[in-house]
DNA sequence: GATAGATTGTAGGTACACAAACAATCGGCA
DNA sequence: TGCCGATTGTTTGTGTACCTACAATCTATC
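Chains as they are written, first to last, in my numbering: chain W, -16 to 132; chain H, -16 to 132.
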């Protein structure tokens, strides 16, 4: 194999990059984040930061690792996300009086206000990502993705 | 809204993070890369590096940017991928005699050998990622993902 | 043949993503 | 009470991923 005989010349059963789930998932995710940047209405905000803000708004005060689990982020990853959000004043951290390992996270007033304003844009983001699919296919796509997660 | 009234208490139409395509795509992609690392059989190799190697094997010598386009990578991103693969001796770069801006990439003998050996594992990776779905759903899922990319 | 515009590769900066290793702290159990 | 294992958060290191800006080079057009 390799180099001389092109894959496209071969019969079925070949490994075609464009047909692999992993590659397709990566490309779809790529486009999804690009759409997010264009539609969320706040150039600073990334998808992860948005997820953290929304979850904090929905669930109320949480520890850092707990928020990470709810948003599917590594402890090392959520740490950076929180640091950047705190630096911008959207999140406040205070030590937990009961468990001295933890710091409790809450949305700042401006953080909560931002979430309220941008929630509508969040719906627009999801619609734009799903735009290539018909109305019936969207529910089906979501169901399949949930099983693949 | 925000903080006091939990989203989960509200009626339909709320913005639930777990139901957003972007979030689901991110989680599915997350799992896909984890499965890759476990099944590809080479601890060093990442999904992007694998994509670059396979495409080079399929298409023969290519310029760096061209390879990036074929694998859906930014010029700045493919640059790093190529640098690491070249450092490990899996890819060779030589200046293009015709267009002096370009450098032509080829698989080294060991790079080509690696692709040959691991192609079978590539199929195993894709199957493992799709394992949660039934036989009929897989084709449908691939088709939907192609339209979302 | 000169020049404007596009393309190629590089560099610096920011932001995920995860593994590995670590100190501080908590919880349960002897 | 004392200790061991688990949890919390941090740090370091590597690898995507994209933006902006840039120098070198090519191409199309005049």
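Ideal Cβ positions, reconstructed from N, Cα and C, are used throughout, including at glycine.
Relative to the C-alpha of residue i, which candidate in the options has its C-alpha closest?
i	options	result
residue 113/H	88/W, 128/W and 49/W	128/W
residue 121/W	-2/H, -3/H, 0/H and 4/H	4/H
residue 52/W	72/W, 31/W and 118/W	31/W
residue 93/W	74/W, 24/W and 42/W	74/W
Check the Cβ-Cβ distances between residue i and every residue of chain H, and say whether any is below 8 angstroms.
i	result
residue 51/W	no
residue 115/W	yes
residue -10/W	Legend: pLDDT at residue -10/W = 48, less than 50; position of this residue unreliable, no value from coordinates given.
residue 109/W	yes
residue 70/W	no
If you follow the alpha helix (DSSP H) that residue i is part of, which residue opens it and which one closes it?
i	result
residue 177/H	This structure cannot settle anything about residue 177/H, because the visible part of chain H is limited to -16 through 132.
residue 37/H	30 to 42
Taking its Cβ as the centre, do 16 or more other Cβ atoms sit within 10 Å of residue i, making it buried, or is it exposed?
i	result
residue 133/H	Lying outside -16 to 132, the shown extent of chain H, residue 133/H is not represented and no answer is given.
residue 38/H	buried
residue 2/W	exposed
residue 100/H	exposed
residue 9/W	buried
residue -9/H	Because the pLDDT of residue -9/H is 49, which lies under 50, any placement of that residue in the model is unreliable, and the number read from its coordinates should be weighed accordingly. Residue -9/H is exposed by the Cβ-count criterion.
What's the gap between the Cα of residue i and the Cα of residue j?
i	j	result
residue 111/W	residue 20/W	12 angstroms
residue 102/H	residue 44/W	48 angstroms
residue 56/H	residue 17/W	14 angstroms
residue -1/H	residue 61/W	19 angstroms
residue 107/W	residue -3/H	13 angstroms
residue 118/W	residue 126/W	14 angstroms
residue 84/W	residue 68/W	21 angstroms
residue 90/H	residue 49/W	45 angstroms
residue 6/H	residue 80/H	46 angstroms
Along the beta strand (DSSP E) that carries residue i, what are the first and last residues, could you check?
i	result
residue 78/W	74 to 78
residue 81/W	Taken as a continuous stretch (DSSP letters only), residue 81/W belongs to no beta strand (DSSP E), as it is neither H nor E.
residue 89/H	86 to 90
Using a C-beta cutoff of 8 angstroms, does residue i count as contacting chain W?
i	result
residue 58/H	no
residue 22/H	no
residue 120/H	yes
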